[in-house]
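In the numbering used here, the protein residues as written are 3 to 308.
Report on the following structure.
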Ligand SMILES: *Cc1c(COP(=O)(O)O)cnc(C)c1O
């Protein structure tokens, strides 16, 4: 498929002026890969799509939350490839409420939904649930939440170029289900350090990562600054708005903004012990900003302005 072929993304020098250590920070613009299938979701779907086509499956089933970038990417892919898509969505209560902008876009692209309770959703990676789905929906291809499986990780092994591996001491990436991080670790050189910044507090994602990688040149940070997954405060919103003003780059608030905030903090508190040539992977994910701003407004908070 044509657009899956054009994927070497450029790095830009962020020219940070606020740093208290002499380091150079570059950003890989994976966020610019595609306006809808942004960043890492594109990488993770590439080989899964190939597999689905090889198997001649007629339905693509996957899992996600109501703001999921992955669901939107799958919905869009289904539309342009003529593949039916079904999402198992976390939250039974959403069945009867108005779709947020992410789910509405998914629906416009032809995606169907099955809304399940949080309890049921927790079973999403079990064989039992997957067999149940295979039985109910014949000839379907199931992609796990976030697109993280062996084939998804294989796609993420293509993020770093040969130059990136030789030039950079450290590569930083946000972590959700751990697929992108795993792919980067697999493709890195031993001398490089790969730092993952989890969107969750107290995740047991290290176990998942250890299943997919053989190297140990990595370190994972939990989200312990803003209170956990999708939590935020005015400081974070200000950071995103200022970053946009200064660099003209949009950061999403769940993954990339929190990662960069943390990196700057590590550097400026002299906790950065890794290396001076740093590459940050911007994984994109700003599609949900309209929905998020609606929530922020309702709560009387500052909104993201870009
Ligand atoms: C899904 C997502 C991630 C997390 O990627 P994983 O491979 O699930 O760890 C990071 N950033 C953005 C913008 C995402 O949409």
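Quick reminder that beta carbons are idealized off the backbone N, C-alpha and C, glycines included.
Inset, instruction - Report buried or exposed for residue 133, applying the criterion of at least 16 other Cβ atoms within 10 angstroms of its Cβ. - result: exposed
Legend entry - Cβ shell of residue 182 (< 6 Å), same chain only, five flanking positions each side left out: 42, 158, 175
Inset, instruction - On a CA-only basis, which of 24, 37, 23, 15 is nearest residue 30? Give me that one, please. - result: 15
Inset, instruction - Determine the burial state of residue 65: buried for a count of at least 16 other Cβ atoms within 10 Å of its Cβ, exposed for fewer. - result: The residue in question, residue 65, is buried, as its Cβ has 16 or more Cβ neighbours within 10 Å.
Legend entry - C-alpha distance - residue 108 paired with residue 77, whole-angstrom precision: 5 Å
Inset, instruction - Return the CA-CA distance between residue 271 and residue 282, expressed in angstroms with no decimal places. - result: 19 Å
Legend entry - Range covered by the beta strand (DSSP E) that runs through residue 28: Residues 26 to 30.
Inset, instruction - Buried or exposed for residue 273, please, with buried defined as at least 16 other CB atoms from any protein chain shown within 10 angstroms of its CB. - result: exposed
Legend entry - Backbone secondary structure at residue 91 - three-state DSSP: strand
Legend entry - Beta-bridge partners of residue 143, as assigned by DSSP: 62
Inset, instruction - Could you round the C-beta distance between residue 100 and residue 269 to whole angstroms and report it? I think they count as a contact, below 8 Å. - result: Contact check for residue 100 and residue 269: beta-carbon distance about 43 Å, past the 8 Å limit, so the pair fails to qualify.
Legend entry - Contact set for residue 86: own chain, Cβ-Cβ below 8 Å, skip 5 residues either direction: 60, 61, 62, 80, 112, 114
Inset, instruction - Return yes when at least one heavy atom of ligand 1 lies under 7 Å from the C-beta of residue 43, else no. - result: yes
Inset, instruction - Say whether chain C places a C-beta atom closer than 8 Å to the C-beta of residue 102. - result: Judged by its chain identifiers, the structure shown contains no chain C, having just a single protein chain.
Legend entry - Burial state of residue 166 (16 or more Cβ within 10 Å): buried
Inset, instruction - In angstroms with no decimal places, state the Cα-to-Cα distance between residue 307 and residue 192. - result: 40 Å
Legend entry - Span separating the alpha-carbon of residue 229 from that of residue 223: 13 Å
Legend entry - Exposure label - residue 178; buried when at least 16 CB within 10 Å: That one is buried.
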